[in-house]
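Enquirer: Attaching a single structure in structure tokens format; questions to follow.
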Amino acid sequence: MSRYLSDHVHLGDDLTSVVILDQTLLPNRTLYLTLREPEEMFEAIQALRVRGAPAIGICAGYCLAALAQQRRGLPPARFRQELSRLARYLGSSRPTAVNLSWALDRLLERAGRMPDADPPAIADALAEEALAIHQEDIAICRAISEHGLTLLKNGDGVLTHCNAGPLATSRYGTALGPLLLGHERGMSLRVFADETRPLLQGARLTAYELHEAGVDVTLICDGMASMVMKNGWVDACFVGCDRVAANGDTANKIGTSGVAILAKHYGIPFYVLGPTSTIDLSCPTGDEIEIELRDPEEIRSKFYVQPMAPAGVECYNPAFDVTANELIAGIVTEKGICRPPYAQSLAALFR
Ligand code: MRU
635 MSRYLSDHVH LGDDLTSVVI LDQTLLPNRT LYLTLREPEE MFEAIQALRV
685 RGAPAIGICA GYCLAALAQQ RRGLPPARFR QELSRLARYL GSSRPTAVNL
735 SWALDRLLER AGRMPDADPP AIADALAEEA LAIHQEDIAI CRAISEHGLT
785 LLKNGDGVLT HCNAGPLATS RYGTALGPLL LGHERGMSLR VFADETRPLL
835 QGARLTAYEL HEAGVDVTLI CDGMASMVMK NGWVDACFVG CDRVAANGDT
885 ANKIGTSGVA ILAKHYGIPF YVLGPTSTID LSCPTGDEIE IELRDPEEIR
935 SKFYVQPMAP AGVECYNPAF DVTANELIAG IVTEKGICRP PYAQSLAALF
985 R
């Protein structure tokens, strides 16, 4: 077991519940929640108690598996109806990260391959499938970390946005994986973490994970990225992804596309790191990616001692933006690094 938090999402001991570390309380409190009801599971994903595209997928898999265990006594037809209904319900908790529907579909497909099985056998198979998704993600993050590390040399400065570390995945993470791995191997790397307004995943989670691991991390406000790049302190940008379209356009946390535009201005390579489960070839371009809109209160008052904006002022709060493929120097997956043109290199991953 690595020292990074790889078990922040797991099945409860009796397989009928899911245990998650509540990421909304970090870095101040380490509190694990046990989720049993579909509504609690939906709320945990929507409220970002568990977040980050791969972690949402892992969690959703465990949630459907736990709900299936609870319903193993149902008649077969009713059991299958319930599985589909619950998968649709959990899948509607957040629209942008494709890993959510990817994981749920994978469990439904597993059930579909057992047409004659009774509910207990299907429920057990779903627990196995959900565990497999989690185990595979650990190996995938490790492979992404190895590939990503080939893009860095000793002494490099890396800017990252949002959180794509162990908390957002299983172990190592995607964008933070090469930084943690490089540090383990004795490399000297300096990381600049954008705080990532409005929900501060960079300040609360990235700075926390890297600081805990002993990586040299400097927290900056999002608006300081240009200054840090101009100072010559950034050799590469590493970010995660929530959905990569077939042409390489990439949805990630709001503010990511601004980082990519700045990086182009300063001639700094901008890399996206993510598992192939985040690549959605059925989505032709970024224009077709649904962007989640969130509660304006996250901008006006959340995390402040008192509101920082007039009550009721109009706010626009998209949770993600799309970075155009021409701004991306490479997309690092567990299978290797894709380079432009992405329509060809991404498709080749699935052949
Ligand atoms: O809203 P969040 O915190 O779930 O957004 C997370 C991100 O945008 C991450 O960068 C992305 O999911 C990749 S996680 C490896």
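Counted the way our numbering counts, the sequence shown spans residues 635 to 985. All C-beta atoms in this analysis are idealised placements derived from N, C-alpha and C, irrespective of residue type, glycine included.
#1: For ASN959, name the three-state secondary structure that DSSP assigns.
#2: Let me know if GLY889 comes out buried or exposed under the rule of 16 or more other beta-carbons within 10 Å of its beta-carbon.
#3: Give the list of continuous beta strand (DSSP E) stretches no shorter than 3 residues that lie fully inside the stretch 814–886.
#4: Relative to the C-alpha of ARG714, which candidate in GLY695, GLY686, ARG670, ALA757 has its C-alpha closest?
#5: Compute the minimum distance between the beta carbon of GLN835 and the heavy atoms of ligand 1, and state whether it is under 6 Å.
#6: Hey, is the stretch 646–655 in contact with the stretch 691–699, meaning 3+ C-beta pairs nearer than 8 Å?
#7: I'd like to confirm something about ASP997: is its beta-carbon nearer than 6 Å to some heavy atom of ligand 1, or not?
#8: Give the secondary structure of CYS693 by DSSP, where H, G and I count as helix, E and B as strand, and everything else as coil.
#9: Would you say the beta carbon of THR730 comes nearer than 6 Å to a heavy atom of ligand 1?
#10: Less than 8 Å between C-beta atoms, sequence neighbours within five positions excluded: which residues of the same chain meet that for ALA755?
#11: My output table needs one value for TYR900: the three-state DSSP class, helix, strand or coil.
#12: Does the stretch 862–871 come close enough to the stretch 792–805 to have 3 or more Cβ pairs within less than 8 Å?
#13: Verify whether the separation of the beta carbon atoms of VAL956 and THR912 is less than 7 Å.
#14: Beta-carbon within less than 8 Å of ILE962's beta-carbon, same chain only, minus the 5 sequence neighbours each way: which residues are those?
#15: Identify every residue that forms a DSSP beta bridge with HIS644.
#16: Short check: CB of ALA721 to CB of LEU701, under 7 Å?
#17: Could you check which residue in PRO941, ASN951, GLY816 has the C-alpha nearest to that of GLU780?
#18: DSSP on THR629, reduced to helix/strand/coil?
#19: Report yes or no: do three or more beta-carbon pairs, one from the stretch 921–941 and one from the stretch 798–816, lie closer than 8 Å?
Expert: Taking the geometry as given:
#1: In the sequence shown, the residue the question calls residue 959 occupies position 325. Helix at ASN959.
#2: In the sequence shown, residue 889 corresponds to position 255, counting from 1. Buried.
#3: 824–828, 850–854, 870–873, 877–879
#4: Position 80 of the sequence shown, counted from the first residue, corresponds to residue 714. If we check each option's Cα against that of ARG714, ALA757 comes out closest.
#5: Translated into positions along the sequence shown, residue 835 becomes position 201. GLN835: yes, Cβ under 6 Å from ligand 1.
#6: yes
#7: There is simply no residue 997 to check, as the chain begins at 635 and stops at 985 in what is shown.
#8: Within the sequence shown, numbered from 1, the residue matching residue 693 stands at position 59. Residue state, collapsed to three classes: helix.
#9: For this step, residue 730 is matched to residue 96 along the sequence shown. No.
#10: Reading the sequence shown from its first residue, position 121 is the one you call residue 755. MET748.
#11: Residue 900 sits at position 266 when you count from the first residue of the sequence shown. If DSSP states are grouped into helix, strand and coil, TYR900 belongs with the helices.
#12: yes
#13: Indexing the sequence shown from 1 puts residue 956 at position 322. Indexing the sequence shown from 1 puts residue 912 at position 278. Cβ distance not < 7 Å, so VAL956 and THR912 don't count as in contact.
#14: Mapped onto the sequence shown, residue 962 falls at position 328. GLY882, THR884, ALA894, PHE904, TYR905, VAL906, PRO974, TYR976, listed in sequence order.
#15: Translated into the one-based positions of the sequence shown, residue 644 becomes position 10. Answer is VAL653, bridged to HIS644.
#16: Position 87 of the sequence shown, counting from 1, holds the residue named residue 721. Position 67 of the sequence shown, counting from 1, holds the residue named residue 701. No, Cβ-Cβ distance for ALA721 and LEU701 is not below 7 Å.
#17: By 1-based counting over the sequence shown, the position of residue 780 is 146. The shortest Cα separation from GLU780 among PRO941, ASN951, GLY816 belongs to GLY816.
#18: The chain is shown only over 635 to 985; residue 629 falls outside these bounds and no answer can be derived.
#19: no
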